[in-house]
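Residue numbers (the working numbering): 66 to 279. All residues carry an ideal CB built from backbone N, CA and C; glycine is no exception. Quantities reported herein were computed from a predicted structural model and do not represent experimental measurements.
Here is the structure:
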């Protein structure tokens, strides 16, 4: 195990820290630490950075509540950069995005699909509208239009499933998933919110909703 003294800080006493989601591997943010903030992070088990703009210590989540609980910290081969794996409570970005990295610069057709990646792209279309984008069109129209599309796509899934057409059902489920994720972005619902809700339902055959209705 390396000590803080063995790490190489720059001439301003800082070391870059790449923060990633311990569960998904998604890059959440790039921040900087000095010796004091790293020591606090190790002691408290949550990320504490040095704000270069404010010139002060910054505990992630101290105002937003979006705390990052540290799982591990690893230094690179030169000992002058860190990767911090965290379990996060809420979005990592001040914009409300799950990750600070959501504005595409280049993307190969061979890039692997992830739900996190799609959510980031959708958030980008909401935060930075693009002319001619269907996603931007939905956000501009608002919640009623988005809900209408979710309803329409749900019906299409039912029709395809009833016809026992597997290929068409897959296609329609993908359409429904996309529009549901647009709804999630519109309402500020994260993938973690849904994951945590599913995880809290320990028995998947327990019909909680139906029981509440009766």
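Next item on the list: Quick one: grab the DSSP three-state call for residue 98.
Entry: Within the chain shown, residue 98 is the residue found at index 33, counting from 1. Strand, per DSSP.
Notebook entry, point to check: Exposed or buried, residue 184, counting other C-beta atoms within 10 Å across all chains shown (16 or more means buried)?
Noted result: The residue labelled residue 184 in the question sits at position 119 within the chain shown. It counts as buried.
Notebook entry, point to check: So does the segment 98-113 actually touch the segment 159-171, counting three or more Cβ pairs closer than 8 Å?
Noted result: no
Note to self: Can you confirm whether the segment 125-139 touches the segment 149-166 when touching is taken to mean that 3 or more C-beta pairs between the two stretches lie within less than 8 Å?
What the structure shows: yes
Margin query: For a quick check, are the C-beta atoms of residue 190 and residue 200 less than 8 Å apart?
Written below: Within the chain shown, the letter at position 125 stands for residue 190. Within the chain shown, the letter at position 135 stands for residue 200. Cβ atoms of residue 190 and residue 200: closer than 8 Å.
Note to self: Per the DSSP calculation, residue 242 is bridged to which residue(s)?
What the structure shows: As a working mapping, residue 242 is identified with position 177 in the chain shown. Residue 242 pairs with nothing; no bridge assigned.
Notebook entry, point to check: Can residue 83 and residue 95 be called in contact, C-beta distance under 8 Å?
Noted result: Numbered from its first residue, the chain shown carries residue 83 at position 18. Numbered from its first residue, the chain shown carries residue 95 at position 30. Yes, the Cβ-Cβ distance between residue 83 and residue 95 is below 8 Å.
Note to self: So, at 6 Å on beta carbons, what are the nonlocal neighbours of residue 244 in its own chain, with the 5 sequence-adjacent residues on each side left out?
What the structure shows: Sequence index remark: in the chain shown, residue 244 carries index 179 (1-based). Once the five neighbours on either side are set aside, the close Cβ partners of residue 244 are 214, 215, 218.
Note to self: Check this for me: beta carbons of residue 144 and residue 72, under 8 Å apart or not?
What the structure shows: Translated into positions along the chain shown, residue 144 becomes position 79. Translated into positions along the chain shown, residue 72 becomes position 7. Going by C-beta atoms, residue 144 is nearer than 8 Å to residue 72.
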